[in-house]
Amino acid sequence: MINLLEYYQGSGENYTSEEIAQALLGSVLVNETPEGLTSGIIVETEAYLGLEDEAAHSYNGRNTPRIQAMFGKPGTLYVHQMHRHILVNIVTQPKGVPQGVLIRALEPLEGLELMTERRKKTGHELSNGPGKLSQAMGISMDYNLEHILDSRLSIEPNKRVIPIKIQSSPRIGIKNKGKWTDAALRFYVKGNPFVSRFKGEISETFGWKSCRL
DNA sequence: TGTTCGATGTTCT
DNA sequence: GAACATCGAACAA
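Under UniProt numbering, the first residue of the first sequence carries the number 1, and numbering increases by one thereafter.
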């Protein structure tokens with residue numbers, strides 16, 4: 001089991017972005033704002049593999065002001081806007097290696113009322129997509145370039161649930177990118193209804209081993 | 001249950 | 001001017 005917080009502190013361990021993407025499933029993301037605290041369990045992620053990945057913003061070493069954060073150290077937040085929506089990534093590789101993991105969906109845990117107010121939706125519509133979870137948690141472009149260990153957005157050190165089964169699939173919305181369109185770089189918790197475009201049977205435990213938090 | 005289309009900011013052609 | 005790591009409303013059947 002990868003200890004993410006140690007990794008983000010700079011433990012010197014070496015993990016691939018795919019490994020980090022899977023280790024994030026079951027971790028608890030917390031955001032503190034003046035309006036209140038919201039948190040949720042990560043249920044879906046996607047890995048973006050920097051230089052060679054044609055689907056990544058940092059493909060081929062492209063480095064513009066917008067994607068500066070991708071070149072930061074592990075745990076740096078890369079927050080960008082897609083149409084009207086905010087998307088959150090966490091950098092996975094040492095400084096200068098532009099790889100990251102996109103957080104795509106959360107199972108809400110705390111601050112449900114605040115999330116409902118922000119989203120004007122309920123149930124799985126609160127956070128079953130990358131733009132939706134940012135709105136539910138109140139994450140804005142201000143978070144770009146901050147570090148997960150030194151930000152209003154953090155990972156709970158003492159809470160963690162374990163997925164029964166991690167599924168992988170091609171990433172969502174990647175078209176005309178050769179082999180990268182089909183690469184299985186999306187990871188999600190099987191049977192959890194907060195996964196975007198969820199289909200199939202809802203697991204009794206929402207896909208988590210044994211107890212909930 | 002499915003497809004289409006508009007909003008909107010940054011980047012590249 | 002077009003493309004895009006999205007979302008939700010509007011529409012068709």
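Just so it is clear, CB atoms sit at the ideal spot from N, CA and C, and this is done for glycine as well. Here the structure is a predicted model, which is why all the values come from computation and not from measurement.
Contact under 9 Å by Cβ, residue i with residue j
i, j, result
"E125", "G40", "no"
"Y143", "Q167", "no"
"M82", "G138", "no"
"V191", "S203", "It should be noted that the sequence gives Gly, not Val, for residue 191. For G191 and S203, yes; Cβs fall inside 9 Å."
"R84", "S196", "no"
"L24", "V30", "no"
"V101", "N89", "yes"
"E18", "L133", "no"
"L51", "N60", "yes"
Residue i burial status per 10 Å Cβ neighbour count (16 or more: buried)
i, result
"D53", "buried"
"L153", "buried"
"S140", "exposed"
"N128", "buried"
"M115", "buried"
"M70", "buried"
"I162", "exposed"
"G12", "exposed"
"T45", "buried"
"G123", "exposed"
C-alpha gap between residue i and residue j, whole angstroms
i, j, result
"K95", "K73", "4 Å"
"L77", "L87", "10 Å"
"D147", "Q9", "One detail in the question is off: residue 147 reads as His in this sequence, not Asp. Looking at the two C-alpha atoms, the distance is approximately 10 Å."
"I164", "T16", "21 Å"
"L5", "Q93", "14 Å"
"P65", "E201", "43 Å"
"Q99", "E32", "26 Å"
"P193", "P170", "19 Å"
"K199", "I172", "14 Å"
"I155", "R118", "21 Å"
"H57", "V91", "13 Å"
"L145", "G75", "10 Å"
"N3", "W208", "18 Å"
"T181", "N63", "22 Å"
Supposed contact pair residue j and residue i - C-beta distance, whole angstroms, cut 8 Å
i, j, result
"A47", "K177", "Contact flag wrong, Cβ pair sits at about 14 Å."
"K159", "V28", "4 Å"
Pick out the complete beta strand (DSSP E) segments inside the stretch 58-120, 3 residues or longer, and give them in chain order. The DSSP assignment places complete beta strand (DSSP E) segments of no fewer than 3 residues inside the stretch 58-120 at 77-82, 85-91, 100-110, in order along the chain.
Jot down the residue ranges of each uninterrupted beta strand (DSSP E) in the stretch 173-213, minimum 3 residues, whole runs only, in chain order. Secondary structure in the stretch 173-213: the beta strand (DSSP E) runs of 3 residues or longer, each lying completely within the stretch, are 186-189 in chain order.
Within the stretch 3-58, ranges of the alpha helix (DSSP H) (whole runs, at least 4 residues): 4-9, 17-24
Along the chain, which unbroken stretches of the beta strand (DSSP E) at least 3 residues long are found entirely within the stretch 125-174? 153-160, 166-169
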